[in-house]
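The sequence shown lines up with residues 1 to 189 when you count with my numbering. Let me begin by presenting the structure, written as structure tokens, before commenting on it.
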Amino acid sequence: MGDDTLFTHHNLLQILSNFANDYGDHQKGSDTKERIGPLRGIQKGGISAIELKWGLILMVVASFISGSLLIGIAYENLSDLLTFAALGVLAIIAAITYTVGAKPYGYMGLGDISVLLFFGLLGVGGTYYLQTHSFDSKILLPAISSGLLAGAVLNINNLRDIEQDAKAGKNTLAVRLGAYKGRVYHCIY
Numbered sequence: 001m002g003d004d005t006l007f008t009h010h011n012l013l014q015i016l017s018n019f020a021n022d023y024g025d026h027q028k029g030s031d032t033k034e035r036i037g038p039l040r041g042i043q044k045g046g047i048s049a050i051e052l053k054w055g056l057i058l059m060v061v062a063s064f065i066s067g068s069l070l071i072g073i074a075y076e077n078l079s080d081l082l083t084f085a086a087l088g089v090l091a092i093i094a095a096i097t098y099t100v101g102a103k104p105y106g107y108m109g110l111g112d113i114s115v116l117l118f119f120g121l122l123g124v125g126g127t128y129y130l131q132t133h134s135f136d137s138k139i140l141l142p143a144i145s146s147g148l149l150a151g152a153v154l155n156i157n158n159l160r161d162i163e164q165d166a167k168a169g170k171n172t173l174a175v176r177l178g179a180y181k182g183r184v185y186h187c188i189y
């Protein structure tokens, strides 16, 4: 299969997620001068909100095209084609609606489960299936492990931002649990 296409597609989805996160947090007022951690593009004045929105749109189109190419290279039957096309569109929607929209799920504490699903089960499991055209339960351990590691990165960032997120109404799981229970959750996670 086209390893370059796979690598490009995963990178485009990550860039799309980062652009959407920056744009959504800016629109909601979550990224203020008090934010701890690296400055975001809009926050430091490196890019305007409208420029980032256009960049986000470009990443949606590029992710859709690269995903379509990947599916075109890998699919063996119509069922696979339709399933992976739907999952690809769902991944793009999930990347955007994490912080963008009227009710972003990242503001409701659902980011951790989404990361486990998209960076673990669907990302690793889907890649395995596209290359082998089979499912093997042995892929669950690396898929879940990958999702948990990605979730740990999200949680540590949310613990860092807990006070600012709470002020901004961004009720991440860390905000909902509180600092102490959030750290306990991180150790268990």
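Ideal Cβ placement from N, Cα and C applies to all residues, glycine included.
Whole angstroms are fine: how far does the CA of residue j sit from the CA of residue i?
| i | j | result |
| --- | --- | --- |
| Y98 | I50 | 19 Å |
| V184 | S63 | 36 Å |
| T127 | S30 | 34 Å |
| V175 | L12 | 29 Å |
| E193 | K167 | Beyond the ends of the chain as shown, which are 1 and 189, falls residue 193; an answer cannot be given. |
| D25 | C187 | 27 Å |
| N157 | L110 | 15 Å |
| G169 | H9 | 32 Å |
| G46 | I162 | 25 Å |
| K138 | K44 | 45 Å |
| F7 | L116 | 20 Å |
Chain C beta carbons: is any one of them nearer than 8 Å to that of residue i?
| i | result |
| --- | --- |
| S48 | Any reference to chain C falls outside this structure, which holds one protein chain only. |
Cα-Cα, which of the options is closest to residue i?
| i | options | result |
| --- | --- | --- |
| S114 | I96, D3, L130, L140 | I96 |
| N198 | A94, Y129, F19 | This structure gives no information on residue 198, because the portion of the chain shown stretches from 1 to 189. |
| G101 | Q27, I92, L116, I162 | Q27 |
| V124 | G111, G109, L140 | L140 |
| S48 | I36, I73, F19, V61 | F19 |
| D165 | H10, G106, A74, D112 | G106 |
| G151 | D112, I162, L173 | D112 |
| I15 | V60, M108, N171 | V60 |
| I93 | L116, K53, S17 | S17 |
| D3 | I73, W54, L52 | I73 |
| K53 | K44, D80, N21, K138 | N21 |
| V153 | F7, Y189, Y180 | Y189 |
My understanding is that residue i touches residue j, with C-beta atoms under 8 Å, so please give their C-beta distance in whole angstroms.
| i | j | result |
| --- | --- | --- |
| Y23 | L56 | 6 Å |
| L159 | G182 | 5 Å |
Check whether the Cβ of residue i lies closer than 7 Å to any heavy atom of the ligand MG, and answer yes or no.
| i | result |
| --- | --- |
| Y98 | The ligand MG is absent from the structure shown, which contains no ligands of any kind. |
Q: Decide if the segment 75 to 84 is in contact with the segment 134 to 146; the criterion is three or more beta carbon pairs, one per stretch, under 8 Å apart.
A: no
Q. Counting pairs of Cβ atoms below 8 Å between the segment 67 to 76 and the segment 34 to 41, do you hit three or more?
A. no
**Q.** the segment 139 to 156 touching the segment 109 to 120, judged by at least three CB pairs closer than 8 Å
**A.** yes
(Q) At 4 residues or longer, what runs of the alpha helix (DSSP H) sit wholly inside the segment 49 to 132? (A) For the segment 49 to 132, whole alpha helix (DSSP H) runs of length 4 or above, ordered along the chain, are 49 to 74, 78 to 97, 111 to 115, 122 to 132.
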